[in-house]
Amino acid sequence: MRGLMQDWPLLCSKVIDHAANEHPLREVVSRSVEGPMHRTNYREVRGRALKIAQLLEREGYGLGDRIATMAWNTWRHLECWYGIMGIGAIYHTLNPRLFPEQLAWIMNDAEDKLVFVDLTFLPLIEALAPKVASLKKVIVLTDAQHMPETKLPNAVAYEEWLKGADGDFAWKEFDENTAAGMCYTSGTTGNPKGVVYSHRSNVLHSMIAQAPDAMNISSSSRMLPIVPLFHANGWGIALTTPMTGATLVMPGPKMDGASVYQLLTEERVTCTAAVPTVWLMLLQHLEAHGGELPDLERVIIGGSACPRRVIEAFQNRYGAQVVHAWGMTEMSPLGTLCAIKPEYAGLTGDDLLAVEETQGFPPFGVEMKVTDDENRTLPRDGKTFGRLKVRGPAVAKAYYKDQGAELFDDERWFDTGDVAHIDQHGYMKITDRAKDVIKSGGEWISSIEIENVAVGHPDVAEAAVIGLSHPKWDERPLLVCVKREGREPTKEDVLGFLNGKIAKWWMPDDVVFVDEIPHTAAGKIRKTALRDEFRDYVLPTA
Ligand code: ADP
Numbered sequence: 001m002r003g004l005m006q007d008w009p010l011l012c013s014k015v016i017d018h019a020a021n022e023h024p025l026r027e028v029v030s031r032s033v034e035g036p037m038h039r040t041n042y043r044e045v046r047g048r049a050l051k052i053a054q055l056l057e058r059e060g061y062g063l064g065d066r067i068a069t070m071a072w073n074t075w076r077h078l079e080c081w082y083g084i085m086g087i088g089a090i091y092h093t094l095n096p097r098l099f100p101e102q103l104a105w106i107m108n109d110a111e112d113k114l115v116f117v118d119l120t121f122l123p124l125i126e127a128l129a130p131k132v133a134s135l136k137k138v139i140v141l142t143d144a145q146h147m148p149e150t151k152l153p154n155a156v157a158y159e160e161w162l163k164g165a166d167g168d169f170a171w172k173e174f175d176e177n178t179a180a181g182m183c184y185t186s187g188t189t190g191n192p193k194g195v196v197y198s199h200r201s202n203v204l205h206s207m208i209a210q211a212p213d214a215m216n217i218s219s220s221s222r223m224l225p226i227v228p229l230f231h232a233n234g235w236g237i238a239l240t241t242p243m244t245g246a247t248l249v250m251p252g253p254k255m256d257g258a259s260v261y262q263l264l265t266e267e268r269v270t271c272t273a274a275v276p277t278v279w280l281m282l283l284q285h286l287e288a289h290g291g292e293l294p295d296l297e298r299v300i301i302g303g304s305a306c307p308r309r310v311i312e313a314f315q316n317r318y319g320a321q322v323v324h325a326w327g328m329t330e331m332s333p334l335g336t337l338c339a340i341k342p343e344y345a346g347l348t349g350d351d352l353l354a355v356e357e358t359q360g361f362p363p364f365g366v367e368m369k370v371t372d373d374e375n376r377t378l379p380r381d382g383k384t385f386g387r388l389k390v391r392g393p394a395v396a397k398a399y400y401k402d403q404g405a406e407l408f409d410d411e412r413w414f415d416t417g418d419v420a421h422i423d424q425h426g427y428m429k430i431t432d433r434a435k436d437v438i439k440s441g442g443e444w445i446s447s448i449e450i451e452n453v454a455v456g457h458p459d460v461a462e463a464a465v466i467g468l469s470h471p472k473w474d475e476r477p478l479l480v481c482v483k484r485e486g487r488e489p490t491k492e493d494v495l496g497f498l499n500g501k502i503a504k505w506w507m508p509d510d511v512v513f514v515d516e517i518p519h520t521a522a523g524k525i526r527k528t529a530l531r532d533e534f535r536d537y538v539l540p541t542a
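Each residue of the sequence shown is one higher than the last, beginning at 1 in full-length UniProt numbering.
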């Protein structure tokens, strides 16, 4: 027997409709690319998104067309997403921090037909356009007054373009499994791979993400996503926030400590999300200039492992709860979040911090396991680590054009490429990326754990650990550090600091200081580049 409930396809247009109908005047506040703060609300965002949809359709775009955006987090970018999805076209977020050659490759792979671009990135699009044959039109996210001269033949100012529509338009209806969005993984090894979200996965992901043990967002939240919409589906926040009716505050192009502090305080932000680097910048700003965060309740931190000192600073000094999260572009992106279950509710001090340093447990809708190389499931004992595998309705089942098929097995488990352990209460801890783990004498050393301890040293600004070949042990760890400004730590200082905090046989064989550690476009340590840099380095123990 079939259920007798209504067919109500999970389309993303329903999310913005809900926000506009039930929370019409809730504010969407942005720092504009032009400079001033801009204030709108969900009713107006829907109104303008309908105009975008109407114009796109009139100009011949439709189901399945890839429409790129290269933009900061602002109300305009949000409108574009909903306008594009509303006709069954696909928003394709471009990360402007990638190399131009990579961007050209990605745009050609996706066959983008149109791009919405912020003023900041117009020169980049001008350089890319001749290399992307599919690209027909460029819409610059600004008004006539700020529209610069451009040699692009088909460029228009967004606000002028919008004047051509009255918004009398109905969202298109289609199957909920239709593609809604696209985002490429950064491809630190090999070519980038396209991840294709569906309307259904986006809607389910948002329902999953708002729960109390996840992002914990409601209509009374004031949410500041600092994570850009072009990173890993913007952590789903462009959908989750309107779905709950929360106020949305967006940073535009400014993510430095002072600008973030201004938004947090002036807009009374209660919940915010970004990678650890952003929080380190904010904390440095607060240390230097003083300040309090009286409204801030929750800081969601993911993308890379969150150093203990960041968790401590927010919780002990500023009274905001840190939620350490792990996810991937392939997972829409949320995988796990570190809320405190009753099993750990009694913990305090270092014991509690040790739990908060894990990436937490999955919400309903994400299944995970850790396996050995023969695909045998490993015990949940909080120490046996292996390959982390996941599945769920908002997890990729394949990449665009079937790249990387080997990462998906017959039972739909996706191999994340991360190495992790899970404890008895289900808390997962990433110990490494499979390709970064250091194999010393047949045992694995977690580079991330050593890095996390090393950045706890007061004179160390950033740390990275890589494995170098060793005649006896196969590989041994080298610790690469950037000194804090004005500080002069020595190798002995740093090793002394690590002593007792990590296993003896994990102790790096050497410490070197560099001016800069190479980063990926998403701000993560580029271990491949670091390994290249130190390829000929000989460890003193070798
Ligand atoms: P890329 O693979 O290009 O870096 P993603 O943004 O999809 O793009 O990154 C996902 C990866 O980031 C994960 O597989 C994991 O290695 C790492 N990661 C994300 N969050 C965390 C975290 N909280 N702690 C440690 N690593 C993390």
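Glycine included, every Cβ here is placed at the ideal spot set by N, Cα and C.
Check                                                                                                                        : Outcome
Exposed unless 16 or more other CB atoms sit within 10 angstroms - verdict on Ala144                                         : exposed
C-alpha gap between Val514 and Asp536, whole angstroms                                                                       : 16 Å
Residue span of the beta strand (DSSP E) that contains Thr69, given as start and end                                         : 66-70
Three CB pairs or more closer than 8 Å across the stretch 218-228 and the stretch 268-284                                    : yes
Candidates Pro24, Leu11, Val480, of which the one nearest Arg531 by Cα                                                       : Val480
Proximity of Thr371 and Arg387 at Cβ, strictly below 8 Å                                                                     : yes
Residues bridged to Leu114 [DSSP beta-bridge criterion]                                                                      : Ile67, Lys137
Residue span of the beta strand (DSSP E) that contains Asn41, given as start and end                                         : 37-41
Pro123, DSSP secondary structure in three states                                                                             : helix
Beta-carbon gap between Ala454 and Leu498 smaller than 8 Å                                                                   : yes
Euclidean distance between Cα positions of Ser447 and Ala170                                                                 : 52 Å
Beta-carbon spacing of Leu334, Val323 below 8 Å                                                                              : no
Proximity winner among Val482, Gly523, Ser13, relative to Val203 (alpha-carbon distances)                                    : Ser13
Segment contact, 8 Å Cβ cut-off, at least three pairs: the stretch 74-82 with the stretch 25-38                              : yes
Three-state secondary structure (DSSP) of Met428                                                                             : strand
Rounded Cβ spacing between Ile438 and Pro477 (contact assumed at less than 8 Å)                                              : 5 Å
Extent of the continuous beta strand (DSSP E) to which Arg222 belongs                                                        : 222-225
Within the stretch 401-479, ranges of the beta strand (DSSP E) (whole runs, at least 3 residues)                             : 414-422, 428-433, 438-440, 443-445, 460-470
Where Cys12 sits in the DSSP three-state scheme                                                                              : helix
Segment limits, beta strand (DSSP E) that includes Cys80                                                                     : Element bounds for Cys80: not the beta strand (DSSP E) but the alpha helix (DSSP H), 75-85.
DSSP state of Ala327 mapped onto helix, strand, coil                                                                         : First, the residue type needs correcting, since residue 327 is Gly and not Ala in the sequence shown. Reduced to three states, the DSSP call for Gly327 is strand.
Val460 versus Arg526, Ile450, Ser469, residue with shortest Cα-Cα distance                                                   : Ile450
Cut-off 6 Å between Cβ atoms - residues of its own chain near Leu214, not counting five sequence neighbours on either side   : First, the amino acid is wrong: residue 214 is Ala here, not Leu. Only Leu337, Pro363 meet the Cβ criterion.
heavy atom of the ligand ADP below 7 Å from Thr329 C-beta                                                                    : yes
For Val132, three-class secondary structure by DSSP                                                                          : coil
Euclidean distance between Cα positions of Tyr400 and Asp109                                                                 : 9 Å
Beta-carbon proximity of Ile16 to Arg39, cut-off 8 Å                                                                         : no
Span of the beta strand (DSSP E), counted from its first residue to its last, around Glu27                                   : 27-31
beta-carbon Arg433 near the ligand ADP non-hydrogen atom, thresh 7 Å                                                         : yes
Beta-carbon contacts of Asp509 that lie in its chain and below 7 Å, excluding the five residues immediately before and after : Arg476, Pro477, Leu478, Leu539, Pro540, Thr541
Cβ pair count under 8 Å reaching 3, the stretch 53-65 against the stretch 152-159                                            : no
Option in Glu267, Ala20, Leu122 with minimal Cα separation from Gly245                                                       : Ala20
For Gly252: DSSP bridge partner residues                                                                                     : Asn73
Supposed contact pair Trp72 and Asp118 - C-beta distance, whole angstroms, cut 8 Å                                           : 6 Å
Unbroken alpha helix (DSSP H) run spanning Gly257, endpoints                                                                 : 257-266
Helix, strand or coil at Gln210 [DSSP, three-state]                                                                          : coil
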